[in-house]
Amino acid sequence: MSDGTKAIAVQQEEIEDGAGIKRDILLGVIYRSVALALFAGFVIIYFPSSDFFYPAIYAAAILYIGSLVSMFIAGKLSRPIAYASVVLAVTVFLAMSLPAQDMFPSVKGLQMPVLITGIIGAAHCLSRAYSEFTGVVTRALLIAALGVLYYSAFTSVDMPVLSQFSMLALIAFVSAAIYSLLGILKRHSNEKVAYVGNLFSRIESPVATSIIVALVMTYVLLVRQSLASLGSFGQAVIEWAALSGIVLFIFIKIQSAMLDDSAQKLEGRTWPAGAYSDKAELEKATYEVNSFVNEGKKEGLVMLMATALLDNGVPADTSRSILSIIIDHEDDKEPPAMFKWAVGNINEANRKKRLEAVNDMTAAMVSAIDAAGDAVKKHNGPDMVRQRV
0 MSDGTKAIAV QQEEIEDGAG IKRDILLGVI YRSVALALFA GFVIIYFPSS
50 DFFYPAIYAA AILYIGSLVS MFIAGKLSRP IAYASVVLAV TVFLAMSLPA
100 QDMFPSVKGL QMPVLITGII GAAHCLSRAY SEFTGVVTRA LLIAALGVLY
150 YSAFTSVDMP VLSQFSMLAL IAFVSAAIYS LLGILKRHSN EKVAYVGNLF
200 SRIESPVATS IIVALVMTYV LLVRQSLASL GSFGQAVIEW AALSGIVLFI
250 FIKIQSAMLD DSAQKLEGRT WPAGAYSDKA ELEKATYEVN SFVNEGKKEG
300 LVMLMATALL DNGVPADTSR SILSIIIDHE DDKEPPAMFK WAVGNINEAN
350 RKKRLEAVND MTAAMVSAID AAGDAVKKHN GPDMVRQRV
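Following numbering that gives the first Met the number 0, the numbering of the sequence shown begins with 0 at its first residue and continues without gaps.
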């Protein structure tokens with residue numbers, strides 16, 4: 000490709016980028032304007048004489064102006080903010096339209112539950128993109144809010160068949176919310192507690208929530224009623240025995256996972272031929288790495304490991320395999336960027352010694368890296384030639 004053709008291609012790309020930025024900003028203005036108009040209209044119509052009126056209007060205006068300014072500065076539309084704006088706009092529209100349904104007067108009581116559920120949903124759109132911890136919390140709150148919404152809907156409708164499900168729906172959704180909230184435990188420093196968190200955090204989809212709700216409702220409606228013939232004592236014994244069995248099963252799974260974790264990771268990977276002849280040393284290092292990962296020290300750990308691998312003359316393919324052990328512990332959204340950054344540090348480490356930046360890492364981590372280095376030395380011999388990555 001000639002220089003002239005390259006220049007034209009670059010110019011065309013810049014034009015397309017500029018058009019994309021303008022389109023994103025226009026969409027952002029529309030999203031925010033619709034959300035502000037609906038929210039302000041809702042407040043003006045339904046809270047004209049309330050103490051809530053002026054604070055709500057001022058807060059909405061400040062958020063509107065602030066989001067527009069941040070969007071113009073960034074030059075792009077933030078998708079989480081766009082999703083949150085759409086969710087909030089749709090929710091406010093529903094809350095405003097409910098009182099107009101004269102055919103079903105009882106739905107007017109759902110106005111506030113719908114609005115609260117929508118606000119939590121909008122907050123979840125934002126929090127899940129920027130913070131895993133708050134994302135887990137808002138997801139649990141959203142599930143619980145849905146339970147409250149169903150409870151309000153079932154109790155407001157004059158249908159005995161539905162009203163008897165009101166408390167049952169609330170219990171089921173709150174149970175699912177608690178289940179979802181247990182995913183926070185995966186960041187715990189204790190390995191066994193973190194394993195429980197990982198166990199629960201794997202099931203976070205709407206389908207899983209629906210299954211949990213269905214199981215709870217099935218148990219209360221069918222199984223628990225059939226146990227009623229045994230009396231309250233017999234019913235309590237069976238329920239506690241089942242709960243104890245579940246806890247015992249989880250405990251056994253934890254013990255098994257903690258014992259086999261390192262070996263499974265090594266056996267499940269395709270290692271370059273002759274990369275390591277002594278897997279015992281690497282298993283020890285992997286165990287140390289796992290404990291540090293569960294304590295939340297991943298960023299410094301990846302950087303230290305990348306530098307130590309280079310200093311010990313480990314080939315690039317082997318380095319990627321070792322680093323991927325750590326990366327697998329990251330969240331679903333983080334591995335690609337984190338992995339690219341870590342491998343990039345291997346290339347930079349010849350001229351930028353990263354070890355000085357992580358001198359505060361504990362002796363356990365240093366010993367783990369030394370163990371990995373010793374395994375390499377045993378295989379390659381004392382005279383190692385540093386290979387360029």
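For glycine and all other residues, C-beta sits at the position ideal for the given N, C-alpha and C.
None of the values given here were measured: they were computed from a predicted structure.
In terms of Cα proximity to I177, the closest of L247, L141, A152 is L141. The alpha-carbon of V246 is positioned some 35 Å away from that of I115. Contact annotation: M111 and A171 have beta-carbon atoms that are not nearer than 9 Å.
Note that the C-beta distance between L184 and V173 is not below 9 Å. Taking C-alpha positions only, T154 is separated from A241 by approximately 32 Å. Secondary structure note for V173: its alpha helix (DSSP H) is the uninterrupted segment 165-180.
Within its own chain, the residues whose Cβ lies closer than 6 Å to the Cβ of V135, once the five positions on either side in sequence are excluded, are G182, I183, listed in chain order. The beta carbon of N197 is closer than 6 Å to those of K185 in its chain, skipping five residues each way along the sequence. T137 and I118 do not touch by the CB rule: their CB atoms are close to 10 Å apart, not below 8 Å. Ranking I251, A235, G244, P79 by CA distance to the CA of Y194 puts I251 first.
Counted as a single uninterrupted DSSP element, the stretch harbouring S228 is not any alpha helix (DSSP H), since DSSP gives it neither H nor E. Residues of the same chain with a CB within less than 6 Å of the CB of R127, apart from the 5 flanking positions on each side, are G134 in chain order.
The C-alpha of Q234 lies about 12 Å from the C-alpha of V219.
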